[in-house]
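Asker: For what it's worth, the UniProt record's numbering labels the leading residue of the sequence shown as 1, then goes sequentially.
Virtual Cβ for every residue (Gly too), placed ideally from N, Cα, C.
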Amino acid sequence: MNIYKQIEAEIQSASNIVITAHKSADGDSIGSSLGLLYFIEKLGKKATICHPDKAPDFLYWLDTSSIILMEESPKAVTSLFEEADLIFCLDYNATNRVGPEMQVLLEEATCKKIMIDHHLNPEDFPEIIVSEPTVSSTSELIVELIEQSGHLNLLDEKIGTPLYLGILTDTGSFRFNSVKPRTHEVLAKLLNSGVEHHLIHEKLSDNNTESRLRLQGFAMSEKLEILYDYNVAIISLSKEELAKYNYKKGDTDSLANLVLSIKGIKAAIVFTERDGIMKISFRSKGAENPVNMLAKENFNGGGHANASGGMSDLSVTETLEKLKEVIPNYFSKA
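(1) Could you please give the first and the last residue of the uninterrupted beta strand (DSSP E) stretch that includes ILE262?
(2) For LEU80, is the classification buried or exposed, using 16 other Cβ atoms within 10 angstroms of its Cβ as the cut-off for buried?
(3) Starting from the C-beta of LEU249, find all residues in its chain whose C-beta is less than 6 Å away, skip the five residues before and the five after it, and write them out in chain order.
(4) Restricting to Cα atoms, I'd like to know which of GLU108, SER65, SER149 and VAL104 is closest to LYS5.
(5) Leaving out the 5 sequence neighbours to the left and right, which residues in its chain are closer than 6 Å to TRP61 when beta-carbon positions are compared?
(6) Below 8 Å, how does it come out for the region 120-134 and the region 150-169: are there three or more Cβ pairs, yes or no?
(7) Since SER24 is in the alpha helix (DSSP H), which residue starts that stretch and which ends it?
(8) Which of the three DSSP states is assigned to LEU35 in this structure?
(9) Going by other Cβ atoms of all chains shown within 10 Å of its Cβ, with 16 needed for buried, is THR134 buried or exposed?
(10) Would you kindly check if the distance between the Cβ of LYS45 and the Cβ of ILE87 is under 8 Å?
(11) Our contact map puts LEU36 next to LEU106 with C-beta atoms below 8 Å; I'd like the distance itself, whole angstroms only.
(12) Roughly how far, in whole angstroms, is the beta-carbon of residue 343 from the beta-carbon of LEU190, given that I think they are within contact range, below 8 Å?
(13) Check for me: the alpha helix (DSSP H) holding GLU202 runs from which residue to which?
(14) Nearest-angstrom Cα distance between LEU34 and LEU163?
(15) Determine the burial state of residue 360: buried for a count of at least 16 other Cβ atoms within 10 Å of its Cβ, exposed for fewer.
(16) So, is HIS184 buried or exposed, given that buried needs 16 or more other C-beta atoms within 10 angstroms?
(17) Can the beta-carbon of VAL179 be found less than 8 Å from the beta-carbon of SER136?
(18) Determine the contact status of ILE19 and THR48, defining contact as a CB-CB distance below 8 Å.
(19) Taking all protein chains shown into account, do 16 or more other C-beta atoms lie within 10 angstroms of the C-beta of TYR38, making it buried, or fewer, making it exposed?
(20) Compare the C-beta of PHE125 with all C-beta atoms of chain C and state if any pair is closer than 8 Å.
(21) Looking at the secondary structure, which residues open and close the beta strand (DSSP E) in which ALA295 lies?
(22) From VAL98 to SER308, what does the alpha carbon distance come to, in whole angstroms?
(23) CB-CB under 8 Å to ASN177, same chain, minus the five flanking residues each way: which ones, in chain order?
(24) In angstroms, rounded to a whole number, what distance separates the CA positions of LEU152 and MET70?
(25) Taking one C-beta from the region 15-32 and one from the region 209-226 each time, how about it: are there three or more such pairs within less than 8 Å?
(26) With which residues is HIS51 paired in a DSSP beta bridge?
(27) Which residue or residues does DSSP assign as beta-bridge partners of PHE282?
(28) By how many angstroms is the C-alpha of ALA188 removed from the C-alpha of ASN257?
(29) Tell me where the alpha helix (DSSP H) around GLU225 begins and ends.
(30) Within the same chain, show all residues whose beta-carbon is closer than 7 Å to that of ASP253, passing over the 5 residues directly before and after it, in chain order.
(31) In chain order, what residues of the same chain lie with their CB nearer than 7 Å to the CB of GLU140, ignoring the 5 residues before and after it?
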């Protein structure tokens with residue numbers, strides 16, 4: 001029995017299924033969660049999505065009413081975890097990625113857990129693990145689950161739309177080197193299922209607010225610093241600067257990729273002051289310019305070779321100074 005058939009058998013035998021994803025939801029965690037939920041429902045079973053916190057506003061053109069948030073309804077989420085006989089862990093590889101409150105529930109849950117993820121170095125807390133770091137996204141793996149379990153006939157527009165979104169966002173609109181021939185084969189299956197890809201691009205891209213664009217303009221014109229010796233660009237934004245432009249969750253998500261589009265830049269780092277810490281986004285181009293070890297070894301983070309995250313409990317100025325100090329250790333001189 002292949003692992004996807006095994007997962008389907010677990011779905012069929014479960015009565016109370018909970019689907020989880022990482023804190024600070026992105027397009028892939030939302031997309032894979034909803035795609036899996038709709039697939040499970042097509043199998044005639046019921047499931048509930050429990051996420052740690054709210055997704056960015058620009059993803060709310062999707063119907064996210066089925067997602068219960070730990071930050072808003074902790075009692076309901078706690079009850080669902082206690083009743084669960086199967087928990088899916090999507091798009092994360094360690095229990096601490098779901099935030100401290102949900103981490104306790106996840107680690108105390110005695111039911112079977114299934115990880116479906118594409119990040120490096122997964123922890124071994126689940127009983128069943130699908131870990132494919134070379135695959136573009138967890139959403140792509142959900143399509144594999146649907147097909148390899150023998151249910152491609154169930155794939156329709158409702159299931160496929162969030163999965164297309166997940167692949168789209170986690171590949172930087174198909175520009176990252178995680179996109180393989182198989183990725184395009186999967187995309188073709190989604191289009192054949194009725195997914196209207198042009199509408200997804202429009203809904204994702206054409207929903208900027210004035211304050212978001214003004215914040216991005218300020219960041220690019222006033223806060224961009226380029227280390228020309230290494231062709232690395234950095235943007236730092238304090239809590240006061242974010243507040244000035246009425247910051248909403250997700251407003252700075254595209255900044256690193258925007259900076260990376262500057263001719264000659266091989267890595268972009270954007271960090272923002274939120275919740276008392278600096279949240280850092282690392283992006284880079286090419287296998288010769290990985291950023292995951294920079295994030296892991298210096299900023300309590302990690303992720304993919306060209307797309308990672310981290311954090312710092314230093315001040316804005318101190319974090320910027322630390323970045324400038326360690327960057328020469330990870331990038332060769334131009």
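Answerer: Taking the coordinates as given:
(1) Per DSSP, ILE262 belongs to no beta strand (DSSP E) and is neither H nor E.
(2) Classification for LEU80: buried.
(3) The question names Leu, but residue 249 is Lys in the sequence shown. Around LYS249: PRO56.
(4) SER149
(5) These residues qualify, in order along the chain: LYS203.
(6) no
(7) Counting along the chain, SER24 sits inside no alpha helix (DSSP H), nor does DSSP assign it H or E at all.
(8) The sequence shown places Gly at residue 35, rather than the Leu named in the question. Residue state, collapsed to three classes: helix.
(9) Exposed, by the Cβ-count rule.
(10) It is not a contact, given that the beta carbons lie outside the stated cut-off.
(11) That belief does not hold up - the Cβ atoms of LEU36 and LEU106 are roughly 17 Å apart, past 8 Å.
(12) With the chain covering 1 to 334 only, the question about residue 343 has no answer from this structure.
(13) 197-205
(14) Cα atoms of LEU34 and LEU163: separation of roughly 8 Å, rounded to the nearest angstrom.
(15) This structure gives no information on residue 360, because the portion of the chain shown stretches from 1 to 334.
(16) exposed
(17) yes
(18) yes
(19) buried
(20) Absence of chain C from the displayed structure is noted, only one protein chain being present.
(21) Taken as a continuous stretch (DSSP letters only), ALA295 belongs to no beta strand (DSSP E), being part of the alpha helix (DSSP H) at 292-298.
(22) Rounded to whole angstroms, the gap between the alpha carbons of VAL98 and SER308 is 16 Å.
(23) GLY286, ALA287 and ASN306
(24) 32 Å
(25) no
(26) LEU69
(27) For PHE282, which the question treats as bridged, DSSP gives the partners ILE269 and SER308.
(28) 26 Å
(29) Membership of GLU225 in any alpha helix (DSSP H) is not indicated; the residue belongs instead to the beta strand (DSSP E) covering 224-227.
(30) PRO56
(31) The answer, listed in chain order, is ILE167, THR183 and VAL186.
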